[in-house]
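Numbered by the numbering used here, the letters in the sequence shown go through residues 9 to 388 in order.
Ideal Cβ placement from N, Cα and C applies to all residues, glycine included.
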Amino acid sequence: MHRTTIGLLGFGTVGQALVSLIRESQPQIHVAKAVVRDVHRQRSVDVPMTTRPEDVLLNPSIDVVVDVMGGRDPARQWIKEALHANKDVVTANKEVLAYHGEELLAVARESGRHLRYEAAVAGGVPVLDALAHHLSVVPLERIDGVLNGTCNFVLSAMEQGIPYSRALADAKRLGYAEADPAADIEGDDTARKILLLAQLGFHTTVPMASVDTMGITEITDHHLARLKSFHLGLRLVGTAALNNGLLSLRVAPTVYRVPHPFLSLDGPDNVVRVVSSAGTFWFQGPGAGGYATATSIVSDITRIIHRTISVNNPNTERYPIHPAKRGPYVCFTHDTDRSLPLGLPGEIRRLGSYAIVSEGFAAEELDEYGLCQFLWGEEE
Ligand SMILES: NC(=O)c1ccc[n+]([C@@H]2O[C@H](COP(=O)([O-])OP(=O)(O)OC[C@H]3O[C@@H](n4cnc5c(N)ncnc54)[C@H](OP(=O)(O)O)[C@@H]3O)[C@@H](O)[C@H]2O)c1
């Protein structure tokens, strides 16, 4: 049996789970070394550790380098060095890909090596593979989804009446949220993921700055209780939509009617919906967690070993980026004893105590009417 030797950049939650999974079920893969910051830190599995990246990047016995360290630098530099040293690379690092993916994929192509990153979006859910292969033959209209487990956990706790700060502290204690959860709750993590999905799905390259991003920091348990009383619910949703040749990308707290598949997620699960000319496809499963994420990494390594993929194709389409559509919005009064003004500007429909309006109100208008508004995710 030919053995493929891999080296790890990083040996934390995902790195250690990856080694356990390989040792349980992948005898053809040998893990030679892991680059870490602190070789004295206790790990759940035993692999020789080093603080010298060249021990992996320039190691002639290593075939595949796996980046499970996170962050933009030095990951960007080390991935380039690995590709230049004729090694294939698998990464779970959405941040480095969202900012430097085009450059890194170009280096991979020039070097004739693979750069695979299934684990970077929705952890264990094989949605990138589906977009890169099966769905690449179908014109897509929209990709949207719930892509951040920390936000799901916090929002569903708040729906039960738990205040935001306590819900976030619980998410940290239970290991859903990072020690610094800013990228999760401010929407940047979802923005990186929807950008990677859009680039693959629409065969294009999109700058991170073009993702119109709003997180969940302004949402209160009162908002969620009001929405719940209308049989509505809210999740942080990333959307990439192609309309008349214009591409728009957005991350925003978005409201749906109960029941809706996006609302059924309350923890680390993710869901991605792909709307295409061949119908709507759904992908759902564990979006985080070391073991689930490791399955995507092993799948990428296995595809490289069996050569069941071609070298990453360049993104050939160039769509003008269009600002995301402003609306429709759902709005309702902040105070339960205040009634919704009649005939709101742009009102499309009214259902009991809430209305759907075509465009969002400015902050002064919201104050004047005593309203709250959120993006409306349902088709009108
Ligand atoms: N956790 C998940 O559920 C999940 C899901 C999908 C994707 N991902 C992605 O997977 C990657 C790893 O996540 P994780 O949760 O495993 O992170 P983690 O537990 O924080 O582990 C990071 C590892 O990288 C090492 N490291 C970080 N910076 C380094 C540097 N400059 N030089 C050398 N080593 C360095 C750390 O070394 P020390 O141990 O010595 O500090 C640690 O071993 C990230 O890109 C993340 O976005 C994670």
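message: Rounding to the nearest angstrom, what Cα-Cα distance links residue 80 and residue 168 in this structure?
response: As a first step, residue 80 must be located in the sequence shown, where it is residue number 72. As a first step, residue 168 must be located in the sequence shown, where it is residue number 160. The straight-line gap from Cα to Cα measures roughly 37 angstroms.
Query - Cβ distance (whole Å) where residue 294 is taken to contact residue 277 below 8 angstroms - result: Sequence index remark: in the sequence shown, residue 294 carries index 286 (1-based). Sequence index remark: in the sequence shown, residue 277 carries index 269 (1-based). Right, the Cβ-Cβ distance comes to about 6 angstroms (below 8 angstroms), so this counts as a contact.
For residue 10, count the other beta carbons within 10 Å of its own beta carbon; 16 or more makes it buried, fewer makes it exposed. Which is it? For the purposes of this step, residue 10 is taken as the residue at position 2 of the sequence shown. Residue 10 should be labelled exposed.
* Asked: What are the residues that DSSP puts in a beta bridge with residue 277?
  -> The residue given as residue 277 occupies position 269 in the sequence shown. 294, per the DSSP bridge assignment.
On a Cα-Cα basis, can you pick out the residue from 347, 280 and 362 that is closest to residue 134?
Indexing the sequence shown from 1 puts residue 134 at position 126. Nearest of 347, 280 and 362 to residue 134, Cα basis: 280.
- Message: Under 7 angstroms: does the beta carbon of residue 82 sit that close to some heavy atom of ligand 1?
- Response: Translated into the one-based positions of the sequence shown, residue 82 becomes position 74. Residue 82 has its Cβ nearer than 7 angstroms to a heavy atom of ligand 1.
- Message: If the criterion is Cβ atoms closer than 8 angstroms, does the pair residue 96 and residue 72 meet it?
- Response: The count along the sequence shown starts at 1 and reaches residue 96 at position 88. The count along the sequence shown starts at 1 and reaches residue 72 at position 64. In this structure, residue 72 lies closer than 8 angstroms to residue 96 by Cβ.
Grouping DSSP H, G and I as helix and E and B as strand, with all else coil, what is residue 200? Along the sequence shown, one-based indexing puts residue 200 at 192. It is helical.
>> For a test of the three-state rule: what should DSSP assign to residue 350, helix, strand or coil?
In response: For the purposes of this step, residue 350 is taken as the residue at position 342 of the sequence shown. In the structure shown, the three-state DSSP call for residue 350 is coil.
Exercise. Residues in its own chain within less than 7 angstroms of residue 239 by CB, not counting five upstream and five downstream?
Worked result: Here residue 239 is taken as the residue at index 231 of the sequence shown, counted from 1. These residues qualify, in order along the chain: 265 and 266.
* To do: Kindly indicate the opening and closing residues of the beta strand (DSSP E) around residue 234.
  => In the sequence shown, residue 234 corresponds to position 226, counting from 1. Taken as a continuous stretch (DSSP letters only), residue 234 belongs to no beta strand (DSSP E), being part of the alpha helix (DSSP H) at 229-237.
- prompt: If we count the other Cβ atoms within 10 Å of its Cβ and call it buried at 16 or more, is residue 36 buried or exposed?
  reply: As a working note, residue 36 is residue 28 in the sequence shown. If you draw a 10 Å sphere on the C-beta of residue 36, you find fewer than 16 other C-beta atoms in it, and that means exposed.
For residue 275 and residue 195, which I take to be in contact (beta-carbon distance under 8 angstroms), what is that distance rounded to the nearest angstrom? By one-based count along the sequence shown, residue 275 stands at place 267. By one-based count along the sequence shown, residue 195 stands at place 187. That pair is no contact at about 18 angstroms.
Quiz prompt | Paired residues, beta bridge with residue 251 - DSSP | solution = Here residue 251 corresponds to residue number 243 of the sequence shown, with the count starting at 1. Within the DSSP secondary-structure output, residue 251 pairs in a beta bridge with 254.
**Study point:** DSSP state of residue 13 mapped onto helix, strand, coil
**Key:** Indexing the sequence shown from 1 puts residue 13 at position 5. In the structure shown, the three-state DSSP call for residue 13 is strand.
- Message: Please determine whether the Cβ atom of residue 77 lies at a distance below 7 angstroms from any heavy atom of ligand 1.
- Response: Along the sequence shown, read from residue 1 onward, the residue named residue 77 stands at position 69. Yes.
Three-state class that DSSP yields for residue 44 in the structure shown
Position 36 of the sequence shown, counted from the first residue, corresponds to residue 44. Shown here, residue 44 sits in coil according to DSSP, grouped into three states, outside any helix or strand.
Heavy atom of ligand 1 within 7 angstroms of residue 46 beta-carbon:
What you label residue 46 is simply residue 38 of the sequence shown in a count that begins at 1. Checking the Cβ of residue 46 against ligand 1 gives yes.
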